[in-house]
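Novice: Here's a structure for you.
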Amino acid sequence: MKPREERQKVMVKARMRSDASWNDVCIVNLSLHGLGIQTSEPPSRGTYVEICRGTQSIVARVVWAKGHRAGLRSQDAIFIRALVNDNSAPAPRVGAGQPVERRRAPRAAQQKHDHSRMAGRAMEFACLALIAGALAMTAFGAVEQALAAPMLQISSALG
Numbered sequence: 020m021k022p023r024e025e026r027q028k029v030m031v032k033a034r035m036r037s038d039a040s041w042n043d044v045c046i047v048n049l050s051l052h053g054l055g056i057q058t059s060e061p062p063s064r065g066t067y068v069e070i071c072r073g074t075q076s077i078v079a080r081v082v083w084a085k086g087h088r089a090g091l092r093s094q095d096a097i098f099i100r101a102l103v104n105d106n107s108a109p110a111p112r113v114g115a116g117q118p119v120e121r122r123r124a125p126r127a128a129q130q131k132h133d134h135s136r137m138a139g140r141a142m143e144f145a146c147l148a149l150i151a152g153a154l155a156m157t158a159f160g161a162v163e164q165a166l167a168a169p170m171l172q173i174s175s176a177l178g
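Per my numbering: the sequence shown = residues 20 to 178.
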């Protein structure tokens with residue numbers, strides 16, 4: 020049996036991403052390749068999570084979960100001093116009706132996606148406007164052609 024890594028008891032607030040949602044967690048102990056967390060909804064065993072504190076980020080797998088606690092194992096070494104001392108968490112940006120942005124920097128891919136979506140909407144609107152105009156011109160031509168013969172008869176009867 021492998022000897023257990025030495026753990027350091029800490030009390031550090033962090034954020035955890037599991038699936039597509041972010042939750043607040045408290046890191047209660049750290050070792051070279053693992054950490055213990057306490058959270059209101061711990062992820063299930065085997066789930067991969069990302070723990071973020073300031074500029075530090077740890078990707079780990081949930082080894083055990085019981086009650087409000089869970090134990091995580093990271094493949095990479097955890098720099099305990101850097102994690103504990105990193106207080107450079109950016110202030111969350113809040114927009115009217117917008118979710119709180121908790122990333123260090125907005126993702127460029129999301130901005131490109133939003134820009135592409137808006138360009139696509141503009142092209143869709145332009146195409147629909149062209150089709151509506153073409154249909155209006157066709158309807159006008161059909162009505163003009165349908166009324167041409169009767170108007171010619173009325174014109175010759177009056178003239």
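For glycine and all other residues, C-beta sits at the position ideal for the given N, C-alpha and C.
From 68, 52 and 91, pick the residue whose C-alpha is nearest to that of residue 36; which is it?
Specialist: Checking every option, the nearest Cα to that of residue 36 belongs to 68.
Novice: Who does residue 81 pair with in a DSSP beta bridge?
Specialist: DSSP lists 91 as partners of residue 81.
Novice: Tell me the DSSP secondary structure of residue 60 in three-state form.
Specialist: Coil.
Novice: For residue 64, which residues of its own chain have a beta-carbon under 8 Å away from its beta-carbon, when the five flanking residues on both sides are left out?
Specialist: Excluding sequence neighbours, residue 64 sits near 81, 82, 83 and 84.
Novice: Provide the residue span of the alpha helix (DSSP H) that contains residue 99, from first to last.
Specialist: From DSSP, the alpha helix (DSSP H) with residue 99 extends over 99-104.
Novice: So what's residue 33 in DSSP terms, helix, strand or just coil?
Specialist: Of the three classes helix, strand and coil, the one that applies to residue 33 here is strand, per DSSP.
Novice: To the nearest angstrom, report how far apart residue 76 and residue 70 are at their CA atoms.
Specialist: Taking the straight line joining both Cα atoms gives about 6 Å.
Novice: Along the alpha helix (DSSP H) that carries residue 136, what are the first and last residues, could you check?
Specialist: That run of the alpha helix (DSSP H) goes 127-177.
Novice: Any contact of the stretch 46-66 with the stretch 137-147, i.e. 3+ C-beta pairs under 8 Å?
Specialist: Too few Cβ pairs lie closer than 8 Å, so no.
Novice: How long is the line joining the alpha carbons of residue 25 and residue 50, rounded to whole angstroms?
Specialist: Straight-line Cα distance between these residues: approximately 6 Å.
Novice: Ends of the beta strand (DSSP E) at residue 69?
Specialist: Unbroken beta strand (DSSP E) run through residue 69: 67-72.
Novice: Apart from the five residues just before and just after residue 96, which ones in its own chain have a Cβ nearer than 7 Å to its Cβ?
Specialist: So the qualifying residues of the chain are 51 and 52.
Novice: Just checking my contact of residue 56 with residue 88 at CB under 8 Å: how many whole Å lie between their CB atoms?
Specialist: Indeed they touch by this definition, with Cβ atoms about 7 Å apart.
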